[in-house]
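Participant:
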Amino acid sequence: MTDPQILHASCITASGRGLLLRGRSGSGKSSLALALMALGAELVADDRVVLACRGDHLVASAPPPLRGLIEARGMGLLQAAWAQEAPVRFVVDLDQTEPDRMPPPRRLALLGHEIPLLYRIENIHFASMLMQLLKAGRYET
Numbered sequence: 001m002t003d004p005q006i007l008h009a010s011c012i013t014a015s016g017r018g019l020l021l022r023g024r025s026g027s028g029k030s031s032l033a034l035a036l037m038a039l040g041a042e043l044v045a046d047d048r049v050v051l052a053c054r055g056d057h058l059v060a061s062a063p064p065p066l067r068g069l070i071e072a073r074g075m076g077l078l079q080a081a082w083a084q085e086a087p088v089r090f091v092v093d094l095d096q097t098e099p100d101r102m103p104p105p106r107r108l109a110l111l112g113h114e115i116p117l118l119y120r121i122e123n124i125h126f127a128s129m130l131m132q133l134l135k136a137g138r139y140e141t
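Each residue of the sequence shown is one higher than the last, beginning at 1 in UniProt numbering.
Here is the structure:
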């Protein structure tokens, strides 16, 4: 069994699917999480995410001191409704910008699990696109 790992990341959940947001400090993880929460997602963790293997799933949760808190840069820490944990179904790397209109499937290995990986999309509808992904998935040919 693999020990839990703490990542510098944020995580939200919608439709029973967790979305892990990773990137360097200041890359927009919390801002994107807030935008997704405004569209109906629920916070799992902000700034630090605990990843653990549970059966066949990679599960994200928040360290106890950070549960229900999210940073709004320039405003401070905000309280939020939060989910105890979520199965991680997708990862967004905010340090990489998607160059392709129809990107190839990418995967990231985390604690022995291969998770679909997406890059940042420079589009004002990025949060809406991610919410639709969480609701219905991605069509793969």
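Glycine residues also receive a C-beta, built at the ideal position from the N, C-alpha and C atoms. Keep in mind it's a predicted model, so treat the numbers as computed, not measured.
1. For proline 87, which of helix, strand or coil comes out of DSSP?
2. Using beta-carbon positions only, say whether valine 44 and isoleucine 6 come within less than 8 Å of one another.
3. Please identify the residue among Gly137, Gln96, His8, Met129 whose C-alpha is closest to the C-alpha of leucine 36.
4. Look up alanine 109 in the DSSP assignment and give the residues it is bridged to.
5. What three-state label does DSSP hand leucine 39 in the structure shown?
6. Can you check whether the CB of arginine 22 is closer than 8 Å to the CB of glutamate 9?
7. May I have the straight-line CA-CA distance separating histidine 53 from proline 65, to the nearest angstrom?
8. Tell me which same chain residues have a C-beta within less than 7 Å of the C-beta of alanine 33, skipping the five on either side of it?
9. For glycine 18, count neighbouring Cβ atoms within 10 angstroms of its own Cβ and tell me buried if that reaches 16, exposed if not.
10. So, at 6 Å on beta carbons, what are the nonlocal neighbours of arginine 106 in its own chain, with the 5 sequence-adjacent residues on each side left out?
11. Look up alanine 45 in the DSSP assignment and say whether it is helix, strand or coil.
12. In this structure, what does DSSP give as the bridge partners for serine 15?
13. Which residue or residues does DSSP assign as beta-bridge partners of leucine 21?
14. Within 10 Å of its beta-carbon, does alanine 60 have 16 or more other beta-carbons around it, so buried, or fewer, so exposed?
15. Would you tell me roughly how many angstroms separate the C-alpha atoms of proline 4 and proline 63, rounded to the nearest one?
Facilitator: From the atom records:
1. strand
2. no
3. Met129
4. Glu114
5. coil
6. Here residue 9 turns out to be alanine, not glutamate, going by the sequence shown. For alanine 9 and arginine 22, yes; Cβs fall inside 8 Å.
7. It should be noted that the sequence gives cysteine, not histidine, for residue 53. Whole-angstrom Cα-Cα distance: 21 Å.
8. Ser10, Ile12, Leu21, Leu43, Asp46, Ile70
9. buried
10. Leu117
11. strand
12. Bridge partners of serine 15: none, in fact.
13. Ser10, Val92
14. buried
15. 11 Å
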